[in-house]
Amino acid sequence: MICFMTLLFLIKLFSPLPSPCKDENGYSSLAEYDVASEMLTKSMNLLIDPCENFYQFACAKWLLRHPVSIDQKAYSNFNTIEDKVSKQIRGILGSQEIPKSKSIRAFKTIYHKCMDESEINLNGARRFLDTVRFIPHTLGLVSHEPYLNKDKPNRLLDGYRQLIINKIKLFYNDANIPIDETKVAKDVDDIIALETKLAEIQAATVNADFTRERLSKLQKLVPLVKWSEYFHSITPFATHHYINGDPIVMINSDFITRVNDLLQSVDSKIITNYVYMYFSKSWRGELGQRYEDIQQEFEKYVFRSSTKEPRWKYCLRTVQEEMKLVSGALYETINATMEIVEDIMSSFREILHENEWINEAMKTKVLNKLKLMRRQIGYPEFILDDRMLDDYYSGLNVYESESYTQGKENLLAWSIRKSFLELINPHDKSDFTVDPALVNAFYSPQSNSIVFPAAILQEPYFHQSFPKALNYGALGSVIGHEITHAFDNKGRLYDAEGNLRDWWDGDVEKKFVERSKCFIEQYSKIEVVQGVNINGTRSLGENIADNGGVKQAFRAYAKYLKKFGNEKRLKGLEEFSNEQMFFIAYAKAFCGNLHISALINRVYHDTHTPYEYRVNQALANQPEFASAFRCSAGTPMNPAKRCVVW
């Protein structure tokens, strides 16, 4: 009992725990250790050689227990926690209790308006037509790949074309306008032709540059748009002088110039239809069931998917995107992780000092950026105070008498206004603006801050009473990943204050680029399915962060063991050393299934590599892993050549 009470006291004070209390057999007697043991044994397949495919070794049983289909294309530990958190918030929103906080009442009101499908089916399309006042075209594709595959039948493009035609017909019916099939088909083909040309420009200008220019320069580059008039129409009056006189950041000026040249040669009617097509995309979920049905037909034809996302998930996600801190106030779980953050930062400093390719002057600059890096853990304390939460959302008015569309418009208008007012108001870069109920972690280059929302601070990533091997292997590697983003190929462009400027020594920058090429070539050789390889250039930043993160976390854990001694082993997993458990926890955090369609889509569009390669390639680059599992030289997990930046 004394041992248990001491442990609770230590947890309460967030101080380091050398190791949990043990029974007479030398194993932990805590229930949490039993949970950890069950979690891992249900995931691992000990018949697989860890030196051949460590991901399968750590995750094979988990993958069998969590299959995916064409309808549910992807599922991972992140999804497991997301489902848990979403259901908790949904339960709170379903409560009949009236919140004291005005902002929480607004959150609930918009959510329930979104859930009123009968009203939306009756009036949604009419509200859209009243807004645009004429028939627009709808729904664009995010990707440019479908337009560029001209040499083979394109199921996605064919399905997309038919989707637009079907939606236009519905709009014509709702507006009581006779349908001219030939005209509709011609208009759709014109839009797709414009999108194809835009996709070609996008593909030809992949290397984005960052420049600071005044609005007048943008007006000269793209005279087709009245930029000052546009910004004045969407921003508070108090910001107009700032917008007119201060520099703005332009990304990829070559793309902007080429698009302007293209638009100069395109009929204005086509441009108008194209713009309204994208405007109508934001109305998905507000038009009614008939529009959802043809969207479902499209997804079934193209992706062979027949399952529709539950309405409550769509509504919750939609409101959460703009009222992040309210959902955090509804979900208050937080655990102490600052100790691990500080340990990982200490490891980064040690690794930096050991790197001979960086000169001392540049090391000083990097250390300063690390020193000034802000840590945002869990949630901001003020969200638990109704008055302070309402003050943050002051100016947001949502009424029971309004429709879902009106409530959503009020919310978006408030969000835009608040964002632009930050241009003229003193902005505290330490502000916690990420949804605490979001299961993810972030690095923000503009504020030089790492963010770990409360929702991710739970198993399998973290538990205060789990072995430190698990906490450092899972959450510690995530922390190291986000820290490393500050110094990857994009994050390094921002200085310690979050300013976009050239602050790197020229010779060091060249060496960074050379070391980065190793990762590009290494990951580009990975073939995920026949004929589909990882894009090492697109995924470079994430790959640098994955490799640096696990390296820093392992070093931090090794220092912990040196200071406190070995941790006792989990029952059922006694054969594994502390170091091996660290790497098992790292892999377990990435267990996830991808349907082949989702796998290919991730390779083409996502900056993250698929789960298996985030584990295997990152660990194959760590000599400490090969040493821990005694992998023979030349095995997949102990290659002759490794890549390293940080």
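Taken in order, the sequence shown gives residues -16 to -1, 1 to 630; the numbers are from mature numbering (1 follows the signal peptide of the UniProt record, and there is no 0). Yeah, the Cβ is synthetic: ideal placement off N, Cα and C, and Gly gets one too. Keep in mind it's a predicted model, so treat the numbers as computed, not measured.
Check: Which residues mark the beginning and the end of the alpha helix (DSSP H) in which Glu213 is found?
Finding: For this step, residue 213 is matched to residue 229 along the sequence shown. Note, Glu213: alpha helix (DSSP H), 211 to 218.
Check: How long is the line joining the alpha carbons of Glu334 and Lys452, rounded to whole angstroms?
Finding: If you number the sequence shown from 1, residue 334 lands on position 350. If you number the sequence shown from 1, residue 452 lands on position 468. Each residue's Cα considered, the two are about 21 Å apart.
Next item on the list: Using alpha carbons as the reference points, say which of Ser378, Ala44, Leu484 lies closest to Ser399.
Entry: For the purposes of this step, residue 399 is taken as the residue at position 415 of the sequence shown. Ranking Ser378, Ala44, Leu484 by Cα distance to Ser399 puts Ser378 first.
Notebook entry, point to check: When the Cβ atoms of the stretch 158 to 169 are set against those of the stretch 207 to 221, are three or more pairs found closer than 8 Å?
Noted result: no
Next item on the list: Starting from the C-beta of Ile318, find all residues in its chain whose C-beta is less than 7 Å away, skip the five residues before and the five after it, and write them out in chain order.
Entry: On the sequence shown, position 334 is the one that residue 318 refers to. Residue placement at Ile318 cannot be trusted, given a pLDDT of 47 that sits under 50; what the coordinates show is reported in the next sentence. Counting only Cβ-Cβ distances below 7 Å, and skipping sequence neighbours, we find Gly362, Tyr363, Ala438, Leu441.
Notebook entry, point to check: Going by Cα to Cα distance, which pick from Asp158, Pro34, Ile94 is closest to Trp296?
Noted result: Counting from 1 along the sequence shown, the entry for residue 296 is found at position 312. The residue with the shortest Cα to Cα distance from Trp296 is Ile94.
Check: Got a sec? Which residues, its chain only, sit under 8 Å from Leu208 by beta carbon, not counting five neighbours each side?
Finding: As a first step, residue 208 must be located in the sequence shown, where it is residue number 224. So the list reads Asn244, Leu247, Gln248, once near-sequence residues are dropped.
Check: When DSSP builds the beta bridges, which residues end up paired with Asn517?
Finding: Taking the sequence shown and counting its residues from 1, the one referred to as residue 517 is at position 533. Beta-bridge pairing links Asn517 to Glu511.
Checklist line | Straight-line gap, Ala159 to Gly391 (C-alpha atoms, nearest Å) | finding: The count along the sequence shown starts at 1 and reaches residue 159 at position 175. The count along the sequence shown starts at 1 and reaches residue 391 at position 407. Looking at the two C-alpha atoms, the distance is approximately 24 Å.
Next item on the list: Check each candidate in Pro594, Cys627, Phe404, Ser431 and name the one with the smallest Cα separation from Ile227.
Entry: The sequence position of residue 227 within the sequence shown is 243, counting from 1. The option with the nearest alpha carbon to Ile227 is Phe404.
Next item on the list: Please state whether DSSP places Ala109 in a helix, a strand or coil.
Entry: The residue you call residue 109 lines up with position 125 of the sequence shown. Ala109 falls in the helix class under three-state DSSP.
Check: Under the three-state reduction of DSSP, which class applies to Tyr59: helix, strand or coil?
Finding: Translated into the one-based positions of the sequence shown, residue 59 becomes position 75. Strand.
Check: Once you ignore the five residues that flank Asp33 on each side, which residues in its own chain have a CB closer than 6 Å to its CB?
Finding: Locating residue 33 in the sequence shown gives position 49, where the first residue counts as 1. No residues qualify anywhere along the chain.
Notebook entry, point to check: For Gly556, does the three-state DSSP call read helix, strand or coil?
Noted result: Stepping through the sequence shown from its first residue, residue 556 is reached at position 572. Three-state DSSP puts Gly556 in coil, outside helix and strand.
Item checked: Simplified DSSP state of Asn424, which is helix, strand or coil -> Within the sequence shown, numbered from 1, the residue matching residue 424 stands at position 440. Looking at Asn424 - three-state DSSP - the assignment turns out to be coil, as it is neither helix nor strand.
Next item on the list: Out of Ile88, Val233, Glu36, point me to the one whose CA is closest to Asn483's CA.
Entry: As a position in the sequence shown, residue 483 is number 499, starting the count at 1. Out of Ile88, Val233, Glu36, Val233 has the C-alpha closest to the C-alpha of Asn483.
Checklist line | Close beta carbons around Val462, own chain, < 8 Å, minus the five adjacent residues each side | finding: On the sequence shown, position 478 is the one that residue 462 refers to. Once the five neighbours on either side are set aside, the close Cβ partners of Val462 are Ala425, Phe436, Ile440, Tyr445, Gly533, Ala573.
Next item on the list: Quick one: grab the DSSP three-state call for Glu551.
Entry: As a first step, residue 551 is located in the sequence shown; it is residue number 567 there, counting from the start. Reduced to three states, the DSSP call for Glu551 is coil.
Note to self: Which of the three DSSP states is assigned to Val435 in this structure?
What the structure shows: As a first step, residue 435 is located in the sequence shown; it is residue number 451 there, counting from the start. DSSP places Val435 in strand when its eight states are reduced to three.
Notebook entry, point to check: With a cut-off of 8 Å, do at least 3 Cβ pairs link the stretch 562 to 580 to the stretch 494 to 501?
Noted result: no
Notebook entry, point to check: What does a CB cutoff of less than 7 Å around Ile584 pick up in its chain, not counting 5 residues either side in sequence?
Noted result: Numbered from its first residue, the sequence shown carries residue 584 at position 600. Here the set comprises Val513, Val516.
Margin query: What does the Cβ neighbour count give for Gln430, buried or exposed, with the cut at 16 atoms within 10 Å?
Written below: Mapped onto the sequence shown, residue 430 falls at position 446. Exposed is the call here.
Notebook entry, point to check: Alpha carbon to alpha carbon, how far is Asn343 from Phe548?
Noted result: Translated into the one-based positions of the sequence shown, residue 343 becomes position 359. Translated into the one-based positions of the sequence shown, residue 548 becomes position 564. Cα to Cα, the separation comes out at about 34 Å.
Next item on the list: State yes or no: is the C-beta of Tyr518 within less than 8 Å of the C-beta of Ile528?
Entry: Within the sequence shown, the letter at position 534 stands for residue 518. Within the sequence shown, the letter at position 544 stands for residue 528. Here residue 518 is Ile; the residue named in the question, Tyr, does not match the sequence. Cβ distance not < 8 Å, so Ile518 and Ile528 don't count as in contact.
Check: So what does DSSP say about Asn600, is it helix, strand or coil?
Finding: To locate residue 600, count along the sequence shown from 1; it is residue 616. Correct three-state label for Asn600: helix.
Note to self: DSSP has Phe194 in a bridge; who is on the other side?
What the structure shows: The count along the sequence shown starts at 1 and reaches residue 194 at position 210. DSSP, once it has assigned bridges, lists Ile235 as partnering Phe194.
Note to self: Determine whether the beta carbon atoms of Lys347 and Ala480 lie at a separation below 8 Å.
What the structure shows: Walking along the sequence shown from the start, residue 347 turns up at place 363. Walking along the sequence shown from the start, residue 480 turns up at place 496. It is not a contact, given that the beta carbons lie outside the stated cut-off.
Next item on the list: Mind checking which residues open and close the alpha helix (DSSP H) that includes Asn352?
Entry: By 1-based counting over the sequence shown, the position of residue 352 is 368. Run containing Asn352: 344 to 356, per the alpha helix (DSSP H) assignment.
Item checked: Cα-Cα separation, Thr302 to His579 -> Here residue 302 is taken as the residue at index 318 of the sequence shown, counted from 1. Here residue 579 is taken as the residue at index 595 of the sequence shown, counted from 1. Approximately 25 Å, taken between the alpha carbons.
Checklist line | Residue interval of the beta strand (DSSP E) (run including Leu484) | finding: As a position in the sequence shown, residue 484 is number 500, starting the count at 1. Unbroken run through Leu484: none, as it is neither H nor E.
Notebook entry, point to check: Can we say the stretch 258 to 269 touches the stretch 378 to 387, given the rule of at least three CB pairs closer than 8 Å?
Noted result: no
Item checked: Bridge partner(s) assigned by DSSP for Ile361 -> Within the sequence shown, residue 361 is the residue found at index 377, counting from 1. The partner list for Ile361 (beta bridge, DSSP) reads Phe436.
Notebook entry, point to check: Nearest-angstrom Cα distance between residue 645 and Met23?
Noted result: Examination of residue 645 is not possible in this model, given that the chain is present from -16 through 630 alone.
Next item on the list: At 3 residues or longer, and completely inside the stretch 12 to 88: list those beta strand (DSSP E) runs for me, N to C.
Entry: 58 to 60
Checklist line | Buried/exposed call for Lys26, threshold 16 Cβ in 10 Å | finding: Residue numbering aside, residue 26 sits at position 42 when the sequence shown is read from its first letter. Counting Cβ neighbours within 10 Å, Lys26 comes out exposed, since fewer than 16 surround it.
Next item on the list: Assign Leu125 to one of three DSSP states: helix, strand, or coil.
Entry: For the purposes of this step, residue 125 is taken as residue 141 along the sequence shown, with counting starting at 1. For Leu125, the predicted structure reports a pLDDT of 38, less than 50, and the residue's modelled location is therefore unreliable. The matter cannot be settled from this model.
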